[in-house]
Amino acid sequence: EVQLVESGGGLVQPGRSLKLSCLASGFTFSNYGMNWIRQAPGKGLEWVASISSSSSYIYYADTVKGRFTISRDNAKNTLYLQMTSLRSEDTALYYCARKYFDYWGQGVMVTVSS
Amino acid sequence: DVVLTQTPPTLSATIGQSVSISCRSSQSLLHSNGNTYLHWLLQRPGQSPQLLIYLVSRLESGVPNRFSGSGSGTDFTLKISGVEAEDLGVYYCVQGTHAPYTFGAGTKLELK
Numbered sequence: 019e020v021q022l023v024e025s026g027g028g029l030v031q032p033g034r035s036l037k038l039s040c041l042a043s044g045f046t047f048s049n050y051g052m053n054w055i056r057q058a059p060g061k062g063l064e065w066v067a068s069i070s071s072s073s074s075y076i077y078y079a080d081t082v083k084g085r086f087t088i089s090r091d092n093a094k095n096t097l098y099l100q101m102t103s104l105r106s107e108d109t110a111l112y113y114c115a116r117k118y119f120d121y122w123g124q125g126v127m128v129t130v131s132s
Numbered sequence: 027d028v029v030l031t032q033t034p035p036t037l038s039a040t041i042g043q044s045v046s047i048s049c050r051s052s053q054s055l056l057h058s059n060g061n062t063y064l065h066w067l068l069q070r071p072g073q074s075p076q077l078l079i080y081l082v083s084r085l086e087s088g089v090p091n092r093f094s095g096s097g098s099g100t101d102f103t104l105k106i107s108g109v110e111a112e113d114l115g116v117y118y119c120v121q122g123t124h125a126p127y128t129f130g131a132g133t134k135l136e137l138k
């Protein structure tokens, strides 16, 4: 069974950093590109970043470019999102999802507030 | 960036009614490799999104065949042939052809 489990969320002050993780199981992680998607409270889905299977191709939304870094460790079956210079508008439920959006985690909440 | 415009924003339906949702792209979603990376998702209240249709018209495994997708280029449609109570929620189209990838704003399907 494919599972994606996010962790690392929480309450953080504006300007600080946070690193999210997504532990994958039930499939060959190193064969798949991965995405981070977020959803602000009561809002729609916003794609954040994606990374190819070998980390050769990485893309970001304009809203996070220069502040967020997506990475992966195929030996650990884990996807990461390093978030820096956090803003109140980054407050959201963050999901990891497989390349074609066929599997999603349950999401992890990030709240940016003083 | 590609803008996906979904209509209508809200849809009221009775059980058994057939409904359609439109997703229009600001540019063609045909990739140079010949694929069109336009997918449809459903997010039920309190749940993570689930994939319904991928590559415009391919039904994801386990998804009832009352769901169908069609379209090409910039115009795409999701059709539900006979709404059931479990279909309620917010439907999103998403494109993976042009980075940055983008989602439509969503269409909320409610019971009339």
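The listed protein sequences derive, respectively, from chains A and B. Position one of the first sequence corresponds to residue 19 (my numbering), numbered consecutively onward. Position one of the second sequence corresponds to residue 27 (my numbering), numbered consecutively onward. Here a beta-carbon is modelled for each residue, glycine too, at the ideal position from N, C-alpha and C. For clarity, every value in this text was computed on a predicted model and none was experimentally measured.
Assigned exposure category for residue i - 16 Cβ within 10 Å defines buried
i: residue 108(A); result: buried
i: residue 24(A); result: buried
i: residue 41(B); result: exposed
i: residue 58(A); result: exposed
i: residue 91(A); result: exposed
i: residue 73(B); result: exposed
i: residue 58(B); result: exposed
i: residue 93(A); result: exposed
i: residue 132(A); result: exposed
i: residue 104(A); result: buried
Alpha-carbon spacing of residue i relative to residue j, whole angstroms
i: residue 110(B); j: residue 85(A); result: 43 angstroms
i: residue 124(B); j: residue 75(A); result: 13 angstroms
i: residue 101(B); j: residue 60(A); result: 27 angstroms
i: residue 26(A); j: residue 117(A); result: 21 angstroms
i: residue 123(A); j: residue 47(A); result: 14 angstroms
i: residue 122(B); j: residue 128(B); result: 7 angstroms
i: residue 98(A); j: residue 89(A); result: 5 angstroms
i: residue 28(B); j: residue 126(B); result: 8 angstroms
i: residue 43(A); j: residue 92(B); result: 31 angstroms
i: residue 31(A); j: residue 55(A); result: 21 angstroms
i: residue 83(A); j: residue 129(A); result: 19 angstroms
i: residue 19(A); j: residue 96(B); result: 30 angstroms
i: residue 71(B); j: residue 132(B); result: 13 angstroms
i: residue 50(B); j: residue 90(B); result: 24 angstroms
Beta carbon of residue i nearer than 9 angstroms to that of residue j
i: residue 121(A); j: residue 66(A); result: no
i: residue 22(A); j: residue 114(A); result: yes
i: residue 103(B); j: residue 52(B); result: no
i: residue 117(B); j: residue 85(B); result: no
i: residue 100(A); j: residue 87(A); result: yes
i: residue 197(A); j: residue 49(A); result: The structure shown does not extend to residue 197(A), since chain A is modelled only from 19 to 132, so the question has no answer here.
i: residue 108(B); j: residue 119(B); result: no
i: residue 65(B); j: residue 77(B); result: yes
i: residue 105(B); j: residue 46(B); result: yes
Cβ-Cβ separation, residue j to residue i (assumed contact under 8 angstroms), whole Å
i: residue 63(A); j: residue 126(A); result: No, residue 63(A) and residue 126(A) are not in contact; Cβ-Cβ is about 15 angstroms, not under 8 angstroms.
i: residue 135(B); j: residue 37(B); result: 5 angstroms
i: residue 36(A); j: residue 96(A); result: Not a contact, Cβ separation roughly 16 angstroms.
i: residue 68(A); j: residue 77(A); result: 5 angstroms
Is the stretch 81-90 of chain B close to the stretch 29-46 of chain B, with three or more CB pairs under 8 angstroms? no
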